[in-house]
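Residue numbers (full-length UniProt numbering): 1 to 206. For each residue, glycine too, the CB sits at the ideal point set by N, CA and C.
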């Protein structure tokens, strides 16, 4: 019988709590890239992103005994990363809305055909098509930056991280109905900014 990813994570947690340091290293290797991408959506400074990712895993290690397996390990880790980042940004008085499509998807080659990433190609690479692509990317970035924090987080978790509505609800400590509403409103806001450009270039509606 195949073992699910969640079960593997739980086994690694149990091994870590039993004194197997290598088990936690495997969890870090598995999720570090995703956590850095997550933090990178809120922080511009690359060095700060790395520091916050490290701090996230340190806090997760110290609180590992609190993980019960009721939610996915990444969902639990996500909340630690977001809380750690928000506290740091509050202390530095930075702007947590310094996010954009390029930062959010940098290096992400996972086959995640979703709302934010699955778009009809405009044309072959010509100067005109490249310009159009830059315009669309700028529109998406602007739309994401303009979203309220709760809407943007919900949309990113759904469309980029592939979490279920239930997992997002757990991560954001919100009812599932609220999560669905946030994602719907976020999609509508992004669509309103991007759809005119896509239609002008002959692309499909979002």
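- For residue 72, the three-state secondary structure derived from DSSP is coil.
- Spanning the alpha carbons of residue 139 and residue 192 requires a straight line of approximately 10 Å.
- Contact between the segment 71-85 and the segment 37-53 is established, with three or more Cβ pairs separated by less than 8 Å.
- Excluding its 5 nearest sequence neighbours in each direction, residue 6 has C-beta neighbours in its own chain below 8 Å: 69, 72, 73, listed in chain order.
- In this chain, the alpha helix (DSSP H) harbouring residue 40 covers 21-40.
- Within the segment 155-185, the runs of alpha helix (DSSP H) that reach at least 4 residues and sit entirely inside it are, in chain order, 165-172.
- The alpha-carbon separation between residue 195 and residue 188 amounts to approximately 10 Å.
- Only residues of its own chain outside the window of five on either side were considered, and among them 135, 136, 139 have a CB closer than 6 Å to the CB of residue 197, listed in chain order.
- Here residue 39 is buried: its Cβ has 16 or more other Cβ atoms, across all protein chains shown, within 10 Å.
- In the three-state DSSP reduction, residue 60 falls in the helix class (H, G or I).
- For residue 5, the uninterrupted alpha helix (DSSP H) segment begins and ends at 5-17.
- In this structure, the CA atom of residue 169 is about 11 Å from the CA atom of residue 181.
- Counting every other CB atom within 10 Å of its CB across the protein chains shown gives residue 49 a total of 16 or more, marking it as buried.
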